[in-house]
Amino acid sequence: MKYTKYSTVIIGSGIAGLYAALKVQQQVKLPDGILLITKSRLGESNSRYAQGGMVAVMKENKTDSVASHISDTIKAGAGLSEFNTIKFISENSDAVVKDLLKFGVQFDKDDDNKFCYTKEAAHSVRRILHSGGDATGRMIEHALCQKVRENENIEIYEQTDAVELLVDSNECKGVLVFNNDIGEYETVYSPAIILATGGIGQLYKYTTNPKGATGDGLALAYNAGAIMQDMEFVQFHPTALAIDGDENRFLISEAVRGEGAKLCDADGNEFMAKYDDRKELAPRDIVTRANFNEMKENNSENVYLNAACIDSKKLAKRFPTISKKCLEHGIDITRDFIPVAPAAHYFMGGIKTNLKGETSINGLYAIGEVASTGLHGGNRLASNSLLECVVCAYSVAKYLKTIDLKTPKQISEKIKQIIDKYNDEDIILEEIDIKSLKTKLQDIMWNYVGILRNEKSLVEANELIYRLKADFPRSSKCLNREEYEFRNMLTVSGLIADCALSRKESRGAHFRTDYPETPENCIHSCIVKDDFLDKEKNFVK
Ligand code: FAD
Ligand code: SIN
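Each residue of the sequence shown is one higher than the last, beginning at 954 in the working numbering.
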């Protein structure tokens, strides 16, 4: 097996990983260089599909303030958002936007060359920057990818999966990677490994997330002994385009409702007033449950979004991607109702980190959707995720500047043992029908660990996941990427079901039909693998 060493390794090339690579490269002394690993092509990620925009409390936006952003985020977070985290991220938003502009990112401006701000659910003011109308993620990612590719100090491994972290005595020394193109393994040593591997949408039958969102970084960190936080909190977006047979669902941005579109049934009857005074702009979990309930009551596969009330020229200019996609399905959004239904969208839980990106394992950092900083609490406020990605990438780079990034000289027995599991040529792995196992898991998660849960459904989920584990007896070396992804999906699904079973209340996106109340006092949930139970006491950073 090939061995390499780098001063810093970043895993994942969404907006968090790309921006971290650029900032680390700018700020940190890197005697052994920097490596960016991504399992697909550079930039293929959830980030690419972000539509609505990125929250930014800009100094020039006199209608907005950090206090107002904090207040909205806290209200949406259902009691679990951390004040200091929100304050830190909000206060840094102006600076990161200005820095992104230097990297060639452009946000939409009006005729007076001032930023255009949009509004989404549960924001009290217009504070969301967007780019390319509704192509914010693609535009930011495109600019950052270009800068990363041009930068000769950033080495890039594409089509390469991180498959196991090399951790001994709570110190991360590197990562074992698998090049899916050539079927070869490599050991990468580094004193700083940054996980930026994104979310988990693919655990569910219906999702807005692309194929790669299989929770890999979460499984890797959990198996290495990291403390995981709030794993029961999965955000379902209320309005994904519901076209027959399409399980990976295209998103109809909340910004369309922000500009005035209404939810209705097939006859055009609006229903949101029944559920919340804020109607279409109530927090995402409330709108999701409203849509889900209407679908159940009407025995229908979807509800509808009526955007025809918005000026047609504005619709075309603001939402070119959505207009085009809907037209491909014969839906003219200036006239026709858009069929929409909820889909798994975002993961609020993750690897517990502090604001420097440190996890409970020394030398292991996490940023972006894979991390749980406490910003989102029980329910993420729209467009806060991209902001968290960039502020935390900026912050981890700043922190790495203060530490000595020396690669380890000696390899411990424990790490040799990890590597040997993958080096062993005698292990013969027989092919497994992953496609059918994956479909089963996605059905279990959707039906039993979905928008509404209860003790019976969660116990059932746990039993079914346990049986799937028996049908897939791989805990380390696998045959190919699909198997690695499925191995990780099983681990993370089990954690979500376990944590959902333990939280005996409803809060934000976690709704228990057997415990519908939301008590005033609440605490984060934490979970750590049995073998590492004492680590929980150690996370005092
Ligand atoms: P990602 O962008 O998901 O990137 C993860 C990267 O890690 C990918 O490159 C992936 O290939 C790589 N990776 C994963 N596992 C491995 C592995 N084992 N080895 C190597 N590489 C690996 N948020 C907002 O704030 N505003 C929005 O408007 C918005 N719209 C959205 C629309 C859609 C359709 C979706 C799906 C999400 C949206 N979100 C939005 C959420 C937001 O896009 C994501 O939370 C955010 O982009 C996550 O960025 P990230 O860099 O953490 O992860
Ligand atoms: C959207 O555009 O509706 C998605 C925004 C988000 O997930 O933050």
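Every residue, glycine too, gets a C-beta built ideally from N, C-alpha and C.
CA-to-CA distance, residue j to residue i, given in whole angstroms
i            : j            : result
residue 1293 : residue 1193 : 5 Å
residue 1438 : residue 986  : 28 Å
residue 1435 : residue 1266 : 44 Å
residue 1164 : residue 1443 : 16 Å
residue 1391 : residue 1197 : 20 Å
residue 1384 : residue 1433 : 10 Å
residue 1067 : residue 1051 : 14 Å
residue 1493 : residue 1183 : In this predicted model, residue 1493 has a pLDDT of only 48, less than 50, meaning its place in the structure is not dependable; the value taken from the coordinates is given anyway. Looking at the two C-alpha atoms, the distance is approximately 18 Å.
residue 1179 : residue 1172 : 10 Å
residue 1310 : residue 1254 : 41 Å
residue 1274 : residue 1356 : 44 Å
residue 1447 : residue 1482 : 12 Å
residue 1480 : residue 1043 : 28 Å
residue 1015 : residue 1004 : 25 Å
residue 1091 : residue 967  : 10 Å
residue 1214 : residue 1097 : 32 Å
residue 1323 : residue 1168 : 8 Å
residue 1441 : residue 1243 : 32 Å
residue 1470 : residue 1225 : 21 Å
residue 1264 : residue 1001 : 27 Å
residue 1490 : residue 1034 : Legend: pLDDT at residue 1490 = 48, less than 50; position of this residue unreliable, value from coordinates given subsequently. Distance between the alpha carbons of residue 1490 and residue 1034: 22 Å.
residue 1276 : residue 1399 : 28 Å
residue 1326 : residue 1039 : 9 Å
residue 1083 : residue 1340 : 12 Å
residue 1093 : residue 1338 : 13 Å
residue 1445 : residue 1304 : 12 Å
residue 1241 : residue 1206 : 13 Å
residue 1217 : residue 1476 : 36 Å
Burial state of residue i, where buried means 16 or more other Cβ atoms lie within 10 Å
i            : result
residue 1419 : exposed
residue 1262 : exposed
residue 1145 : buried
residue 1102 : exposed
residue 1233 : buried
residue 1350 : buried
residue 1412 : exposed
residue 1403 : buried
residue 1288 : exposed
residue 1335 : buried
residue 1565 : Within the shown structure, residues of the chain are numbered from 954 to 1494, placing residue 1565 beyond reach of any answer.
residue 1137 : exposed
residue 1381 : exposed
residue 1036 : exposed
residue 1031 : buried
residue 1155 : buried
Beta-carbon proximity list for residue i, same chain, < 6 Å, skipping 5 on both sides
i            : result
residue 1333 : 1188, 1299, 1301
residue 1354 : 980, 981
residue 1161 : 1190, 1193, 1202, 1204, 1296, 1298
residue 1408 : 1467
residue 1410 : 1401
Other residues of its chain near residue i: CB distance less than 7 Å, five sequence neighbours each side excluded
i            : result
residue 1236 : 1029, 1074, 1075, 1332
residue 1346 : 969, 972, 973, 976, 1320
residue 1121 : 1365, 1367, 1368
residue 1459 : 1465, 1468, 1469, 1470, 1471
residue 1421 : 1390, 1393, 1394, 1443
residue 1352 : 1309, 1310
residue 1474 : none
Beta-bridge pairing of residue i - partner residues as DSSP gives them
i            : result
residue 1216 : 1258
residue 1424 : DSSP lists no partner for residue 1424.
residue 1480 : 1181
residue 1315 : 1124
residue 1406 : 1465
residue 1114 : 1131
residue 1291 : 1258
residue 1305 : 1325
residue 1201 : 1160
residue 1193 : 1204, 1294
residue 1363 : According to DSSP, which records beta bridges pairwise, residue 1363 is partnered with nothing at all.
residue 1460 : 1463
residue 1081 : 1008, 1071
8 Å Cβ cutoff, residue i in contact with chain C
i           : result
residue 994 : The structure shown contains no chain C, having only a single protein chain.
Other residues of its chain near residue i: CB distance less than 8 Å, five sequence neighbours each side excluded
i            : result
residue 997  : 966, 991, 1163, 1165
residue 1415 : 1447, 1450, 1451, 1454
residue 1024 : 1077
Around the ligand SIN, Cβ to any heavy atom closer than 5 Å, ordered along the chain: In chain order, the hits are 1004, 1005, 1206, 1207, 1335, 1336.
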